[in-house]
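Chains as they are written, first to last, in our numbering: chain A, 11 to 202; chain B, 101 to 319. Glycine is no exception: its CB is placed at the ideal position from the N, C-alpha and C atoms. Note that the structure is a prediction, hence the values are computed from the model and not measured.
This is the structure in structure tokens:
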């Protein structure tokens, strides 16, 4: 594959269709600048600031844009609220739609056939593979990203975090908790 | 198309395998394939729906056997060849053999942040009113277009509830074929697990899909 891609790149370069510095910039952007820390900041703010939380669930795109995130794979953002009775999970059965603007590029498992095939039919089975066992009566809401809306799960705020700063709260927000295949970290886990 | 990409409800793919501390890319070539695909969007002039169709439009056996970025690369090559930007003999030779086709613009390093920040909003103004409202019971039509569609097979023929009227958005089924944006009202439709999967389905589960008006009928 390495050779094949390198050959294509040199053809496109010889034809002057690409500027290799732009390729490096794209790679660097998604390796270093746009990733799940963006989303963690959104969630932490929603936990700490009730006005922002209300705004986020009413108009996710505008609320998230106010923190500087949006654009590609994040032009239309919807935040989903996990509660003690409802657990949200996001999938894209048809390809790999994912809120790049707040989570970066999707992990391999998100794009894989096992996750894409089973999440809409057996979400509890999938969650078990992530080590998550939800109460039997929790309602599971699966969101199949079939249009250009991108979904961000807002996990439940862990107990024992009263008075924490947004920065400290953000460290509890994992990528998987914002996809719905995980829960936020517990403060004792954080202290370890 | 009823292709290998439409995976919802399929059996036999085994367990999900989360990878601790996963890197953003697993190999150098993946980085380049990713960046080439994004960068060629500007001179190539195709839209997101054409790219998605280029990736899924292959034999299901091939689609399922290929890795994610292998599919991206194959899709990119198909788009380049279709538009005469690169010829098959050049791909085989590994270098340029023919005069390049003129392109309007290429992506410069300075464009990257701007282009990503702009993204690709798909909402459009309309003077039509949505046919359905929140709470309406609808059925996903039984349609089987051989071209690009975003109505997954597992909801076709099933009834659900309009959960949200989203707005009027570019219609992928038209946009993918070059027939224009043809914006249509878009809805979030919620289906019960047992409606989709029968009496053995998980009764505590509901699945929502975003569906354009032409995919839906009253139920």
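Simplified DSSP assignment, three categories, for residue i
i, result
"residue 324 of chain B", "Nothing about residue 324 of chain B can be reported from this structure: the residues present for chain B run from 101 to 319 only."
"residue 137 of chain A", "helix"
"residue 269 of chain B", "strand"
"residue 153 of chain A", "strand"
"residue 227 of chain B", "coil"
"residue 40 of chain A", "helix"
"residue 318 of chain B", "strand"
"residue 306 of chain B", "strand"
"residue 185 of chain A", "helix"
Residue of the options minimising C-alpha distance to residue i
i, options, result
"residue 125 of chain A", "A:48, A:20, A:174, A:189", "A:189"
"residue 230 of chain B", "B:262, B:213, B:202", "B:262"
"residue 110 of chain B", "B:253, B:281, B:200", "B:253"
"residue 271 of chain B", "B:148, B:121, B:192, B:232", "B:148"
"residue 201 of chain B", "B:237, B:106, B:104, B:144", "B:144"
"residue 44 of chain A", "A:86, A:178, A:109", "A:109"
"residue 80 of chain A", "A:199, A:185, A:160", "A:160"
"residue 274 of chain B", "B:246, B:122, B:295", "B:246"
"residue 97 of chain B", "B:294, B:103, B:222, B:297", "It is not possible to answer for residue 97 of chain B, since the shown part of chain B is limited to 101 through 319."
"residue 224 of chain B", "B:280, B:239, B:301, B:241", "B:280"
"residue 135 of chain A", "B:185, B:244, B:170, B:301", "B:301"
"residue 147 of chain A", "A:93, A:157, A:183", "A:93"
Where residue i falls, given that 16 or more other Cβ within 10 Å makes a residue buried
i, result
"residue 145 of chain A", "exposed"
"residue 37 of chain A", "buried"
"residue 165 of chain A", "buried"
"residue 195 of chain B", "exposed"
"residue 189 of chain B", "exposed"
"residue 48 of chain A", "buried"
Start-to-end residues for the alpha helix (DSSP H) that takes in residue i
i, result
"residue 168 of chain B", "168-182"
"residue 128 of chain B", "128-144"
"residue 162 of chain A", "Not the alpha helix (DSSP H): residue 162 of chain A falls in the beta strand (DSSP E), residues 159-164."
"residue 161 of chain B", "160-165"
"residue 48 of chain A", "46-58"
"residue 23 of chain A", "12-24"
"residue 212 of chain B", "209-218"
"residue 121 of chain A", "118-121"
N-terminal and C-terminal residue of the beta strand (DSSP E) that residue i is part of
i, result
"residue 313 of chain B", "Premise fails: residue 313 of chain B is in no beta strand (DSSP E) and is neither H nor E."
"residue 290 of chain B", "284-292"
"residue 96 of chain A", "96-101"
"residue 79 of chain A", "Premise fails: residue 79 of chain A is in no beta strand (DSSP E) and is neither H nor E."
"residue 91 of chain A", "86-91"
"residue 87 of chain B", "Since the first residue shown for chain B is 101 and the last is 319, residue 87 of chain B is missing from the structure and cannot be characterised."
Nearest-angstrom Cα separation, counted from residue j out to residue i
i, j, result
"residue 168 of chain B", "residue 130 of chain B", "9 Å"
"residue 156 of chain B", "residue 26 of chain A", "28 Å"
"residue 107 of chain A", "residue 173 of chain A", "35 Å"
"residue 194 of chain A", "residue 150 of chain B", "37 Å"
"residue 128 of chain A", "residue 106 of chain B", "12 Å"
"residue 120 of chain B", "residue 290 of chain B", "33 Å"
"residue 12 of chain A", "residue 128 of chain B", "7 Å"
"residue 172 of chain B", "residue 137 of chain B", "7 Å"
"residue 181 of chain A", "residue 112 of chain A", "15 Å"
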